[in-house]
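Chemist:
Protein chains in written order, with the numbering used here: chain A, 235 to 588; chain B, 235 to 588.
1) Quick check: what's the CA-CA separation for residue 272(B) versus residue 279(B)?
2) Quick one: is residue 443(A) near chain D, going by C-beta distance under 8 Å?
3) Quick one: using the 10 Å Cβ neighbour count with 16 as the cut-off for buried, is residue 537(B) buried or exposed?
4) Is residue 518(B) close to chain A, meaning its C-beta is less than 8 Å from at least one C-beta of that chain?
5) Give me the Cα-Cα distance between residue 371(A) and residue 506(B), rounded to the nearest whole angstrom.
6) Expressed to the nearest angstrom, what Euclidean distance is found between the alpha-carbon atoms of residue 572(B) and residue 286(B)?
7) I need the straight-line Cα distance from residue 295(A) to residue 529(A), nearest angstrom please.
8) Output, in chain order, the set of chain A residues within a Cβ distance shorter than 9 Å of residue 374(B).
9) Can you pull out the residues from the stretch 488-512 of chain A whose beta carbon lies closer than 7 Å to at least one beta carbon of chain B?
10) Taking 8 Å as the threshold, find out whether the stretch 493-501 of chain B comes into contact with the stretch 471-479 of chain B through three or more Cβ pairs.
11) At least one CB of chain B closer than 8 Å to the CB of residue 450(A): is that the case?
12) Could you tell me which uninterrupted beta strand (DSSP E) segments, each at least 3 residues in length, are contained entirely in the stretch 261-331 of chain A, listed from first to last along the chain?
13) With the cut-off set at 8 Å, would you say residue 301(A) and residue 531(A) are in Cβ contact?
14) Would you kindly check if the distance between the Cβ of residue 438(B) and the Cβ of residue 381(B) is under 8 Å?
15) Residues in the stretch 450-470 of chain B with C-beta within 8 Å of chain A's C-beta atoms, listed in sequence order?
16) Is residue 317(B) buried or exposed, if buried means 16 or more other CB atoms sit within 10 Å of its CB?
17) In chain order, what residues of the same chain lie with their CB nearer than 8 Å to the CB of residue 338(A), ignoring the 5 residues before and after it?
18) For residue 449(B), which of helix, strand or coil comes out of DSSP?
19) Assign residue 480(A) to one of three DSSP states: helix, strand, or coil.
20) Only counting the same chain, and skipping five residues up and downstream in sequence, which positions put a Cβ closer than 6 Å to that of residue 524(B)?
21) To test your reading of the DSSP string, which unbroken beta strand (DSSP E) runs of 3 or more residues are found completely within the stretch 501-570 of chain B?
22) For residue 312(B), count neighbouring Cβ atoms within 10 angstroms of its own Cβ and tell me buried if that reaches 16, exposed if not.
23) According to the neighbour-count rule (16 or more other Cβ atoms, all chains shown, within 10 Å of its Cβ), is residue 568(A) buried or exposed?
24) I'd like to know whether the C-beta of residue 339(A) is nearer than 8 Å to at least one C-beta of chain B.
25) Rounded to a whole number of angstroms, what is the C-alpha to C-alpha distance between residue 327(A) and residue 542(A)?
26) May I ask you to list the residues that DSSP assigns as paired with residue 354(A)?
27) Compile a chain-ordered list of the residues in the stretch 518-535 of chain A whose CB is closer than 9 Å to at least one CB of chain B.
28) Taking 8 Å as the threshold (beta carbon to beta carbon), is residue 472(B) in contact with chain A?
29) Compile a chain-ordered list of the residues in the stretch 474-487 of chain A whose CB is closer than 7 Å to at least one CB of chain B.
30) Smallest Cα separation from residue 441(A): which of 409(A), 495(A) and 563(A)?
31) How close, in whole Å, do the beta carbons of residue 449(A) and residue 413(A) come, if the pair is a contact with beta carbons under 8 Å?
32) Using a cut-off of 8 Å between C-beta atoms, extract the partners of residue 309(B) located in chain A.
33) If residue 513(A) sits next to residue 557(A), beta carbons under 8 Å apart, how far is it from one beta carbon to the other, in whole angstroms?
34) So what's residue 256(B) in DSSP terms, helix, strand or just coil?
35) On the criterion of 16 or more Cβ atoms from any shown chain inside 10 Å, does residue 391(B) qualify as buried, or is it exposed?
36) By the DSSP assignment, the alpha helix (DSSP H) with residue 434(A) in it spans what residues?
Pasting the structure below:
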């Protein structure tokens, strides 16, 4: 949510520029293949044989070895993953914002007043310049109007319907296809070694739970995120939880370790993120009495994904990068370390082979 | 917390009365035995062969049977248990209040001003009448002074030290011995059938996590409770989470289903409680699309435990009992349904056999 709120004018200009030069970038990297037959032997087949992959595997081997001094009991193998820009893409805007904009268009028939009311007018007219002019206040209005005033069940249905049909503005695939194949393998590798995998994201928890459970193999109770306030309504024997137009908790920056303590109650041993919003979670993980692993995704691939870090208005990675370098945390160089970015690149390459 | 706040004058009088006639009630029921050799065959050996036990076993059998129309997939087998009065005793006061009072005495040397300042003066002088006169405001002061101003690590140590040594005022055993043996068996029976067992309590989450994990076999991340606010302090590279003197969330009444949704994100199929504070959690569970099970503990045993319900100032069971009767929820009659109350009754009876 906070990330959404930080959404700035220059970012919107960036968005407009990108939208105006739509490309099918995803088709350009078919050459990078991760043949399925290797998955059996290699737990991270979509990762190149660089030091990053070796460090991850060496860490897991060591902490799961009962005879090693760095052994970690199963109950303490807590791993936490940021979502936007870490498990799936986040450009040219957080996908949850596209959902909010699409919801405005869907809800518009019941809100004739939106035709002449900002920020809704701008969304309905696809006028990104005017939307940018509404600033943070306009964005909060947008999120509150589209994310509240419904029950958790209704909201869940809206998100499920959206994810099944809406397409990313430049990649032109459904958003759920824009998850990172190498990270899916990492999640699976950790679980195979009895790590509990959690999502700890600034994104809305009910938004994520509506569909990422299936994609990441992570149950609802291991998805942590930002929340709006809710209220319980007995509703004459048909109880429901209603979503209110007020923020309850921002799961970003200091909020991440605080929420981890509130909800998990244990310090993670493995933490993965891509921005300064994940730094406190990394610091908290780094202070574990067990040998812990801090992993930053560095967006370095302007061709297959996007390249951005210190000056980005989304997923800014500046202080985090400094501390990662200073403290020797592992930094994924997306361009060099990953054979493929998205799962469909594997299917594409296999279809080519047929 | 809210329960603590509701702590009333008449309750304190009750407390004084009880304290003045200390008895070793726990020794009176050795005759009720649950021989260990039966545990293998019978999942609930400390339960008498009444309809309550039969209903529980029949439910679990049915919902775990793949060929039955009421089958529930493993991922949705979420069970939630209130703590005070449901998994362990709560009389003559919530055990967390005894902890707060003992902490005041322990902290007193660093707070000479407490000698003349209420409610601390009353606690230090064991003057329960004056403590009662401080009312809710005094109790909040007591809880805030003893539960905040420390790190989660320090607080964890205080609770662990306390539970290892402090004794219940009338039962004269450490508080961790006052858990209900039949409920420990029920938790184990559910887990053996792939239910995830959660504690969802009005008690403080960090208080519970400090010791109930071992006793109930429930990991920290499955313990949900009331919380005070916290803040993250980077502390020059030794990050810590500091507990602040302000309430964050009251996990009672409507708070229970709200917190279940926030943290678990799924509706439970099995809910167990003992008071009106659990009613909304029961109603929420009863509205599950799956066949669900609502279980109330009714405190009917004035000899082995305590007998109280509609008029009690702790664990009041009034509206809940009405709805349980109306809707056919299962109500445990502690006196009739349980062979033993506490685990040490089994050990005692076995020692007798030696």
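We put the CB at the ideal spot given by N, CA and C, even for glycine.
Modeler: Straight from the coordinates:
1) Mapped onto the second chain, residue 272(B) falls at position 38. Mapped onto the second chain, residue 279(B) falls at position 45. Bear in mind that the predicted position of residue 272(B) carries a pLDDT of just 46, short of 50, making it unreliable; the figure below should be weighed with that in mind. Cα to Cα, residue 272(B) sits roughly 6 Å from residue 279(B).
2) Note that chain D does not occur in the displayed structure, where the protein chains are A and B.
3) The residue labelled residue 537(B) in the question sits at position 303 within the second chain. The residue in question, residue 537(B), is exposed, as its Cβ has fewer than 16 Cβ neighbours within 10 Å.
4) Counting from 1 along the second chain, the entry for residue 518(B) is found at position 284. Yes - at least one Cβ of chain A is within 8 Å of the one on residue 518(B).
5) Start at 1 with the first residue of the first chain, and residue 371(A) comes out as number 137. Start at 1 with the first residue of the second chain, and residue 506(B) comes out as number 272. C-alpha separation (whole angstroms): 44 Å.
6) Looking up residue 572(B) in the second chain gives position 338. Looking up residue 286(B) in the second chain gives position 52. Approximately 10 Å, taken between the alpha carbons.
7) The residue given as residue 295(A) occupies position 61 in the first chain. The residue given as residue 529(A) occupies position 295 in the first chain. Whole-angstrom Cα-Cα distance: 16 Å.
8) Counted from its first residue, the second chain places residue 374(B) at position 140. What residue 374(B) touches in chain A: nothing, since even the nearest Cβ is about 21 Å away.
9) 488, 491, 492, 495, 496, 497, 498, 499 and 500
10) no
11) For the purposes of this step, residue 450(A) is identified with residue 216 of the first chain, where counting begins at 1. Closer than 8 Å: no.
12) 312-315
13) Counting from one through the first chain, the residue named residue 301(A) turns up at place 67. Counting from one through the first chain, the residue named residue 531(A) turns up at place 297. No. Outside cutoff.
14) In the second chain, the residue the question calls residue 381(B) occupies position 147. In the second chain, the residue the question calls residue 438(B) occupies position 204. Yes, the Cβ-Cβ distance between residue 381(B) and residue 438(B) is below 8 Å.
15) 453, 454, 455, 457, 461, 464, 465, 466 and 468
16) Counting from 1 along the second chain, the entry for residue 317(B) is found at position 83. It counts as buried.
17) Stepping through the first chain from its first residue, residue 338(A) is reached at position 104. Result list for residue 338(A): 348, 354, 357, 358, 376, 379 and 380, in chain order.
18) Position 215 of the second chain holds residue 449(B). Residue 449(B) falls in the helix class under three-state DSSP.
19) Taking the first chain and counting its residues from 1, one reaches residue 480(A) at position 246. It is a strand residue.
20) Translated into the one-based positions of the second chain, residue 524(B) becomes position 290. So the list reads 306 and 503, once near-sequence residues are dropped.
21) 504-507, 527-534 and 564-567
22) Within the second chain, numbered from 1, the residue matching residue 312(B) stands at position 78. Residue 312(B) is buried by the Cβ-count criterion.
23) As a first step, residue 568(A) is located in the first chain; it is residue number 334 there, counting from the start. By the neighbour-count rule (16 or more Cβ atoms within 10 Å), residue 568(A) is buried.
24) Taking the first chain and counting its residues from 1, the one referred to as residue 339(A) is at position 105. Not an interface residue.
25) What you label residue 327(A) is simply residue 93 of the first chain in a count that begins at 1. What you label residue 542(A) is simply residue 308 of the first chain in a count that begins at 1. The straight-line gap from Cα to Cα measures roughly 13 Å.
26) Counting from 1 along the first chain, the entry for residue 354(A) is found at position 120. Answer is none; residue 354(A) lacks a bridge partner.
27) 518, 520 and 521
28) Here residue 472(B) refers to the residue found at position 238 of the second chain. For residue 472(B), the answer is yes, since a Cβ of chain A falls inside 8 Å of its Cβ.
29) 475
30) Walking along the first chain from the start, residue 441(A) turns up at place 207. Measuring from the Cα of residue 441(A), the nearest candidate turns out to be 409(A).
31) For the purposes of this step, residue 449(A) is identified with residue 215 of the first chain, where counting begins at 1. For the purposes of this step, residue 413(A) is identified with residue 179 of the first chain, where counting begins at 1. That belief holds up - the Cβ atoms of residue 449(A) and residue 413(A) are roughly 6 Å apart, short of 8 Å.
32) Counted from its first residue, the second chain places residue 309(B) at position 75. Simply 453.
33) Locating residue 513(A) in the first chain gives position 279, where the first residue counts as 1. Locating residue 557(A) in the first chain gives position 323, where the first residue counts as 1. With a Cβ gap of about 7 Å, residue 513(A) and residue 557(A) count as contacting.
34) Within the second chain, numbered from 1, the residue matching residue 256(B) stands at position 22. For residue 256(B), the predicted model reports a pLDDT of 32, less than 50, meaning its position is unreliable and no value from the coordinates is stated.
35) For this step, residue 391(B) is matched to residue 157 along the second chain. Exposed is the call here.
36) Mapped onto the first chain, residue 434(A) falls at position 200. That residue, residue 434(A), is in no alpha helix (DSSP H); its beta strand (DSSP E) goes 430-438.
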